[in-house]
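Please read the structure below before turning to the comments.
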Amino acid sequence: MYKFPSVRTGPMTESYTYYSPTPKTLLMTKEPCVLGIDEAGRGPVLGPMCFGVAYCAISKYETLIDLEFKDSKKLNEKTRESLLQRIITNQDDIGWGVHCLSPQDISTMTIRDNINLNKQSHSSTIQLIREIINTNVNVEKIYVDTVGSPEKYQNLLKAQFPQQTIIVEKAADDKFPIVSAASICAKITRDHILRDWSFIENDLTDPDLYDYGSGYPNEKTKQWLKRNVYPHLLGFYPSIVRWHWKPARQILYDKGLISSDQIDNCTWPGIEDSTDQSTSKKIKSSNTDIGTKNKTGRKKTTRGKEKKVIEKDPSNHSIKKYLTRKCKETS
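Numbering (the UniProt record's numbering), first residue to last: 1 to 331.
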C-alpha cells in the first residue's frame, strides 16, 4: 500500500509538520498564488487533529485544482487518495503540507495551558500560512474554513497577514477547491496515522487493540475505551486517546477512577512537570502574537529529568494517586 510522505513511520510521540518541496516554478516566476487551509479530526476522541494547506499559482488554479476537489468528507477513500496523488504528481506547480497535533499534546495544552481547541486551530493555521510565506512564495489570496465566528477569525488572520486577501467562510471546503485540496491532505494524513497507529505502550492487554474504528465517540470507540483503561498510564489511557475529552472521562468515572466533578472539570496534577512543552510553546508564541494570554500569567517550566522519564514511559503515578484519593474523598 502506498505511503504518503506526510505520514511518519513509527509511534506518534509528538506533534509535527510536513511540507512538500516548494514548487520551483513559483519561486522563479513569483506568480501570485492562492492558498487554502482546512482541518480534519476535530471531533474524535482518538488520534491526532491534522491541518492541511495547499497552494498554487492563481493563473493555473482552475486547471490544477479543478471541481473534482470537494469536501473530503463527501469523497470516498479511493477518490481522496487519487486526488492527493494528483497533487504530488504536480509538485512543480502545487505545494502542500500538514501540521499534525498529537492526541497527548491536544489534551495537555487544553488542561495545562488553558489553550482551547479553537485557539489550537487558529495557531496551527497561522503557523502554516506564515511558514509558506517565509519560503518566498508570493501568496496573494488565502481561503480558510472557519473555526468559530467567520468574521472574528477573518479579522484575526488579517491582523497577522495584512498584505494578503483573506476569506474565511463556513463550509469553505465545499465552496473553494483549494480548501478542498487542503482538506484532502489533512484527512488522508489523519486517517493513515490512525489506521497504522504504533502503540508506545508495551503492556496493553486488549486482544482487539486495533478495533477502534474512526475514533469518533460512537459505540464501537466507547467499547474500546472501556477495554483500554490502565491506571498507571498518563490520563489512564494509551497515548492514542485524547484523555481530557468528556466521553473518555465518563468511563473513568464509571470505573471509580475519578470523581464526578472531574467529568466536566478536568484537572490532572503533575502535568506541568512531566510533559514535553515544545508544542505548547509554539502555540503560546502564536497566541501572544494575536493578543491572547495564559489565564494564570505564570511561566511554567519542565524539569529535564522528569521529561526524559515521560518520553520513555508515559505513565504518571502522581495523577493516579491524586485522583484515587479525590475519588475516595467524594465517595
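Idealized CB from N, CA, C, for every residue including glycine.
Taking 6 Å as the limit between beta carbons, can you name the residues of its chain near A172, skipping five residues before and five after?
Sequence-distant Cβ neighbours of A172 in its own chain, meaning closer than 6 Å and more than five residues away, are Y143, D145 and V179.
With T13 and I200 assumed to form a contact (beta carbons below 8 Å), what rounded beta-carbon distance in angstroms separates them?
So it is a contact: roughly 6 Å between Cβ atoms.
CB-CB length for S121 against V98, believed under 8 Å
About 14 Å; that fails the 8 Å criterion.
Cα-Cα separation, I193 to S183
In a straight line, the C-alpha of I193 is about 15 Å away from that of S183.
Would W96 pass as a contact of V53 if the rule is Cβ separation under 8 Å?
Yes.
Which residues in the same chain as E81 place their Cβ atom closer than 7 Å to its Cβ, once the five residues preceding and following it in sequence are excluded?
Here the set comprises I188.
Pull up the distance between the alpha-carbon of K24 and that of N228, whole angstroms please.
Rounded to the nearest angstrom, the gap between the Cα atoms of K24 and N228 is 48 Å.
Of the listed residues L84, S6 and S214, nearest to A181 (C-alpha basis):
Of L84, S6 and S214, the residue nearest in Cα terms is L84.
What's the gap between the Cα of G215 and the Cα of D174?
The alpha-carbon atoms of G215 and D174 are separated by roughly 23 Å.
For V45, I'd like the list of residues in its chain whose CB is within less than 8 Å of its CB, leaving aside the five on either flank, ordered along the chain.
If we look at V45 and ignore the five residues flanking it on each side, its Cβ neighbours are G215, Y216, P217, T221, L225, V241, R242, W245, P247 and A248.
Rounded to whole angstroms, what is the Cα-Cα separation between Q223 and D113?
For Q223 and D113, the gap between their C-alpha atoms comes out near 30 Å.
Quick check on A40: buried or exposed, where buried means 16 or more other Cβ atoms within 10 Å of its Cβ?
Under this definition A40 is a buried residue.
Can you tell me which of the three DSSP states W224 falls into?
Residue state, collapsed to three classes: helix.
Pick out the complete beta strand (DSSP E) segments inside the region 127-172, 3 residues or longer, and give them in chain order.
Fully enclosed beta strand (DSSP E) runs of 3 or longer: 139-145 and 165-169.
Return the bridge partner residues of E39 from the DSSP annotation.
Partner(s): F51.
Span separating the alpha-carbon of I263 from that of L252
Roughly 9 Å separates the two Cα atoms.
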